[in-house]
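Reading through the structure tokens given below for one structure.
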Amino acid sequence: MEEQPKIAIPSMVVGDAKRFRPGRGTFEKGGKIYSTRLGLINKQANFINIVPLSGVYDPIPGDTIIGIIEDISQTNWLVNINAPYPAVLHVNEVPWHVELGETSKYLKYADAILAKILLVDETKKIILTMKERGLHKLNGGQIIEIQPIKVPRVIGKKGTMISMIKKYTGCRIIVGQNGRIWIDGNTDGVEKATRAIRKIEAEAHTKGLTIRIEKLLKNRR
Amino acid sequence: MGMKKPEDVILFKNNKRIDGRKPDELRPIKIEAGVLYRADGSAYVEWGGNKILAAVYGPREALPKHIQDPRKAIVNARYNMAAFSVEDRKRPGPDRRSIEISKVISEALERVILTEQFPRASIDVNIEVLDADAGTRCAGLTAAGVALADAGIPMRDIPVACAAGKVEGKVILDLCKEEDNYGDADMPVAIAPLTDEILLLQMDGHLTYEEFEKALDLAIKGCHIVSELQKKALLKKYERVLEVE
Numbered sequence: 280m281e282e283q284p285k286i287a288i289p290s291m292v293v294g295d296a297k298r299f300r301p302g303r304g305t306f307e308k309g310g311k312i313y314s315t316r317l318g319l320i321n322k323q324a325n326f327i328n329i330v331p332l333s334g335v336y337d338p339i340p341g342d343t344i345i346g347i348i349e350d351i352s353q354t355n356w357l358v359n360i361n362a363p364y365p366a367v368l369h370v371n372e373v374p375w376h377v378e379l380g381e382t383s384k385y386l387k388y389a390d391a392i393l394a395k396i397l398l399v400d401e402t403k404k405i406i407l408t409m410k411e412r413g414l415h416k417l418n419g420g421q422i423i424e425i426q427p428i429k430v431p432r433v434i435g436k437k438g439t440m441i442s443m444i445k446k447y448t449g450c451r452i453i454v455g456q457n458g459r460i461w462i463d464g465n466t467d468g469v470e471k472a473t474r475a476i477r478k479i480e481a482e483a484h485t486k487g488l489t490i491r492i493e494k495l496l497k498n499r500r
Numbered sequence: 041m042g043m044k045k046p047e048d049v050i051l052f053k054n055n056k057r058i059d060g061r062k063p064d065e066l067r068p069i070k071i072e073a074g075v076l077y078r079a080d081g082s083a084y085v086e087w088g089g090n091k092i093l094a095a096v097y098g099p100r101e102a103l104p105k106h107i108q109d110p111r112k113a114i115v116n117a118r119y120n121m122a123a124f125s126v127e128d129r130k131r132p133g134p135d136r137r138s139i140e141i142s143k144v145i146s147e148a149l150e151r152v153i154l155t156e157q158f159p160r161a162s163i164d165v166n167i168e169v170l171d172a173d174a175g176t177r178c179a180g181l182t183a184a185g186v187a188l189a190d191a192g193i194p195m196r197d198i199p200v201a202c203a204a205g206k207v208e209g210k211v212i213l214d215l216c217k218e219e220d221n222y223g224d225a226d227m228p229v230a231i232a233p234l235t236d237e238i239l240l241l242q243m244d245g246h247l248t249y250e251e252f253e254k255a256l257d258l259a260i261k262g263c264h265i266v267s268e269l270q271k272k273a274l275l276k277k278y279e280r281v282l283e284v285e
């Protein structure tokens, strides 16, 4: 069992610049590496990174996310992706052939989509794509939101956690990297899956979580 | 300052202050991180008789759009005193004083936040004074520092503030209400404790150059003590999060 990772807070010394190099969430000053945010210290190769414990979703190209259509114009949709910035989905990046001005025929206001982040530029302009296998409009079901930093725990190592929830509840579940989770299934299953996900969110970063979640899912079948 | 001292108030006697403290002693301070559920980050500070809540929202899209800065995030601090925070009821809403404090706190926080990581966004800090007892801007800025760290906002340092001043010709640390009202000078100082960079420095009243130097040193010393309390509060919250079971 690996030991409990240590917590870093901004301006805390997390390592020596002679042995390590400053990674994500750190800066170097006077031969020492300092943390810039609250998180867990993670040493990978010779880099020191800070794995954040709180904060908003930071979009990275390649992330699969669940977005909600916020605005429609002639050639593109504006999508809320739960980040500080809205994302643009252009008609060229959807799997349908859209005539000019017919954008609202395909995706309407408040529709949910499963999309991928294509590009994030230095001013944080975000472009989405739906032109890949498995990306589609989400029909039916419901969406719950969790803290984006807890998403890796909901998925689990190699997807163990999420496949366990799917197995016990019989629901179809899609987890977006931006903290939105789409669940579809019968009412009991959805309720149970929601409860399990909320528990994971509340108790992320604790030991033996998988076992406790399995117990919760087995109960009250 | 400004108020005339009643005859029976003795502010300094036998190296002791009106509330029994030594000249370089702080009031009791209690800091708690993450007290509000809906805010992205929050903190509660009790500093002597001050009770202050700070809540941080964001980084989020800055609206209306024309206030956005394409190179960095804007930091928007709002200092507000509750109507019941002072002896006579305070008329609610921003006044000349709280607009000024909001501005200087915003600028102090902007110096430590890595704003260039969030272009076009805004980071909103709400500082709510529930109970005021001299030194609210220092306590408010201290609370805001903890709330920002709790919100996971990348920062160079956790900002911290503390005041120094002068009563009856003696330089003292962390003025209480009587000392603030009847004293000779009050000087709030905010620093980034890692480098001792000054983020905020204001002064009310009169100090000689020597007294100013002495008061500044004293305030920075006080800041470092408070800074340790801030860090302890943050570690306490997140160690608890890790130990659920």
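Just so you know, the sequences run in chain order A and B.
The numbering used here applies: residue 280 is where the first sequence begins, and numbers increase by one.
The numbering used here applies: residue 41 is where the second sequence begins, and numbers increase by one.
Where is the CB? At the ideal position from N, CA and C, for every residue including glycine.
Original post:
Along chain B, which residues have their Cβ under 7 Å away from the Cβ of A:Val402?
Top reply: Position 123 of the first sequence, counted from the first residue, corresponds to residue 402 of chain A. Sequence check: residue 402 of chain A is Thr here, not Val. Correct list: Pro110, Pro159, Arg160.
Subject >> chain C contact for A:Tyr364 (CB, 9 Å cutoff) >> reply: The displayed structure is made up of protein chains A and B, and chain C is not among them.
Original post:
When burial is assigned at 16 or more other CB atoms within 10 Å of the CB, is B:Lys143 buried or exposed?
Top reply: On the second sequence, residue 143 of chain B is found 103 positions in, with the first residue counted as 1. The residue in question, B:Lys143, is exposed, as its Cβ has fewer than 16 Cβ neighbours within 10 Å.
Original post:
By Cβ distance below 8 Å, which residues in the same chain neighbour B:Cys263 in space, the five residues on each side in sequence not counted?
Top reply: On the second sequence, position 223 is the one that residue 263 of chain B refers to. Closer than 8 Å at the Cβ level, and outside the excluded window around B:Cys263, lie Val200, Ala201, Cys202, Val229, Ala230, Ile231, Pro233.
Original post:
Taking the Cβ atom as the reference point for each residue, do B:Ile193 and B:Ala204 lie within a distance shorter than 9 Å?
Top reply: The sequence position of residue 193 of chain B within the second sequence is 153, counting from 1. The sequence position of residue 204 of chain B within the second sequence is 164, counting from 1. Their beta carbons are not under 9 Å apart, which means B:Ile193 does not touch B:Ala204 by this criterion.
**OP:** Report, in whole angstroms, the separation of the C-beta atoms of B:Ala187 and B:Gly81, which I expect to be a contact under 8 Å.
**Re:** By one-based count along the second sequence, residue 187 of chain B stands at place 147. By one-based count along the second sequence, residue 81 of chain B stands at place 41. About 5 Å; that satisfies the 8 Å criterion.
Subject >> Local conformation of A:Ser333 per DSSP, three classes >> reply: As a working mapping, residue 333 of chain A is identified with position 54 in the first sequence. In this structure, A:Ser333 counts as coil in the three-state DSSP scheme.
Original post:
Should A:Ile396 go down as buried or exposed, given a rule of 16 or more other Cβ atoms within 10 Å for buried?
Top reply: Within the first sequence, the letter at position 117 stands for residue 396 of chain A. With 16 or more other Cβ atoms within 10 Å, it is buried.
**OP:** Count the CB pairs spanning the segment 169-176 of chain B and the segment 84-95 of chain B that are closer than 8 Å, and state whether there are at least three.
**Re:** They touch, by the three-pair rule.
Original post:
Counting Cβ pairs, one atom from each stretch, are 3 or more of them under 8 Å apart for the segment 328-344 of chain A and the segment 127-134 of chain B?
Top reply: Here the segment 328-344 of chain A does not lie against the segment 127-134 of chain B, with fewer than 3 beta-carbon pairs under 8 Å apart.
Subject >> Residues of its chain near A:Glu349, where Cβ-Cβ distance is below 7 Å and the 5 sequence neighbours each way are ignored >> reply: One-based indexing of the first sequence puts residue 349 of chain A at position 70. Hits under 7 Å: Leu357, Val358, Asn359, Pro365.
Original post:
How long is the line joining the alpha carbons of B:Phe124 and B:Pro132, rounded to whole angstroms?
Top reply: By one-based count along the second sequence, residue 124 of chain B stands at place 84. By one-based count along the second sequence, residue 132 of chain B stands at place 92. So the alpha carbons of these two residues sit roughly 9 Å apart.
Original post:
What does A:Pro331 reach in chain B if we use C-beta pairs closer than 7 Å?
Top reply: For the purposes of this step, residue 331 of chain A is identified with residue 52 of the first sequence, where counting begins at 1. Close partners of A:Pro331 in chain B (Cβ separation under 7 Å): Gly192.
Subject >> B:Glu268 classed as buried or exposed, judged by whether at least 16 other C-beta atoms fall within 10 angstroms >> reply: The count along the second sequence starts at 1 and reaches residue 268 of chain B at position 228. Looking at its Cβ environment, which holds fewer than 16 other Cβ atoms inside 10 Å, B:Glu268 is exposed.
**OP:** May I ask which residues mark the beginning and end of the beta strand (DSSP E) holding B:Ser162?
**Re:** Translated into positions along the second sequence, residue 162 of chain B becomes position 122. Membership of B:Ser162 in the beta strand (DSSP E) is indicated by the continuous run 161-171.
Original post:
Does DSSP put B:Arg280 in a helix, a strand or coil?
Top reply: Along the second sequence, read from residue 1 onward, the residue named residue 280 of chain B stands at position 240. Three-state result, B:Arg280: helix.
**OP:** Check A:Thr408 in the structure and name its three-state DSSP category.
**Re:** Locating residue 408 of chain A in the first sequence gives position 129, counting from the first residue. Residue state for A:Thr408 is assigned as strand, using DSSP reduced to three classes.
**OP:** Going by DSSP, name the residue or residues bridged to A:His415.
**Re:** Your numbering for residue 415 of chain A matches position 136 in the first sequence. Beta-bridge pairing links A:His415 to no other residue.
**OP:** At 4 residues or longer, and completely inside the segment 98-125 of chain B: list those alpha helix (DSSP H) runs for me, N to C.
**Re:** Unbroken alpha helix (DSSP H) runs of no fewer than 4 residues, entirely contained in the segment 98-125 of chain B, are not found.
Original post:
Since B:Arg100 meets chain A, which of its residues come closer than 7 Å, beta carbon to beta carbon?
Top reply: Translated into the one-based positions of the second sequence, residue 100 of chain B becomes position 60. Correct list: Pro363.
Original post:
Going along chain A in order, which residues have a C-beta closer than 8 Å to the C-beta of B:Ile198?
Top reply: Looking up residue 198 of chain B in the second sequence gives position 158. Within 8 Å Cβ-Cβ: Ile288, Pro289, Ser290.
**OP:** Name the residue from B:Ile238, B:Leu274, B:Lys217, B:Ala184 whose alpha carbon lies nearest to the alpha carbon of B:Asp164.
**Re:** Looking up residue 164 of chain B in the second sequence gives position 124. Of the candidates B:Ile238, B:Leu274, B:Lys217, B:Ala184, the one whose C-alpha sits nearest the C-alpha of B:Asp164 is B:Ala184.
Original post:
Is the Cβ-Cβ distance between B:Ala191 and B:Val96 less than 9 Å?
Top reply: Counted from its first residue, the second sequence places residue 191 of chain B at position 151. Counted from its first residue, the second sequence places residue 96 of chain B at position 56. In contact: B:Ala191 and B:Val96 (Cβ atoms closer than 9 Å).
Original post:
What is the DSSP secondary structure of B:Gly262, counted as helix, strand or coil?
Top reply: The sequence position of residue 262 of chain B within the second sequence is 222, counting from 1. Helix.
Original post:
Does any residue of chain B bring its CB to less than 9 Å from the CB of A:Val335?
Top reply: Mapped onto the first sequence, residue 335 of chain A falls at position 56. With 9 Å as the cut-off, A:Val335 counts as an interface residue toward chain B.
Original post:
How would you label A:Val370, buried or exposed, when you count the other beta carbons within 10 angstroms and need 16 or more for buried?
Top reply: Translated into the one-based positions of the first sequence, residue 370 of chain A becomes position 91. Classification for A:Val370: buried.
Subject >> Interface residues of chain B facing A:Arg316 [CB-CB closer than 8 Å] >> reply: On the first sequence, position 37 is the one that residue 316 of chain A refers to. Listed along chain B, the residues sitting closer than 8 Å to A:Arg316 by beta-carbon distance are Ala189, Gly192, Ile193, Pro194, Met195.
Subject >> CB contact below 9 Å: A:Tyr313 versus chain B >> reply: For the purposes of this step, residue 313 of chain A is taken as the residue at position 34 of the first sequence. Yes, contact with chain B.
Original post:
How many whole angstroms separate the CB atoms of B:Glu251 and B:Lys206, which I take to be in contact at a CB cut-off of 8 Å?
Top reply: Residue numbering aside, residue 251 of chain B sits at position 211 when the second sequence is read from its first letter. Residue numbering aside, residue 206 of chain B sits at position 166 when the second sequence is read from its first letter. Contact holds; Cβ gap of about 6 Å.
**OP:** Would you kindly report the start and end of the unbroken alpha helix (DSSP H) that includes B:Cys202?
**Re:** As a working note, residue 202 of chain B is residue 162 in the second sequence. From DSSP, B:Cys202 is part of no alpha helix (DSSP H) but of the beta strand (DSSP E) over 200-207.
**OP:** Using three-state DSSP, classify A:Glu281 as helix, strand or coil.
**Re:** In the first sequence, counting from the first residue as 1, residue 281 of chain A sits at position 2. Below a pLDDT of 50, predicted positions are generally treated as unreliable, and A:Glu281, at 47, falls in that range; the measurement from the model is reported next regardless. It is coil, neither helix nor strand.
**OP:** Can you tell me which of the three DSSP states B:Gly223 falls into?
**Re:** By 1-based counting over the second sequence, the position of residue 223 of chain B is 183. In the displayed model, B:Gly223 falls within coil according to three-state DSSP, outside both helix and strand.
Original post:
What residue range is occupied by the uninterrupted alpha helix (DSSP H) comprising A:Asp467?
Top reply: If you number the first sequence from 1, residue 467 of chain A lands on position 188. For A:Asp467, the enclosing alpha helix (DSSP H) stretches over residues 466-481.
Subject >> 9 Å Cβ cutoff met for A:Ala296 and A:Ile320 >> reply: In the first sequence, residue 296 of chain A corresponds to position 17, counting from 1. In the first sequence, residue 320 of chain A corresponds to position 41, counting from 1. Between A:Ala296 and A:Ile320, the CB-CB gap reaches or exceeds 9 Å.
Original post:
What are the start and end residues of the alpha helix (DSSP H) that includes A:Ala385?
Top reply: Against the first sequence, residue 385 of chain A aligns to sequence position 106. According to the sequence displayed, residue 385 of chain A carries Tyr and not Ala. A:Tyr385: member of the alpha helix (DSSP H) spanning 382-385, first to last residue.
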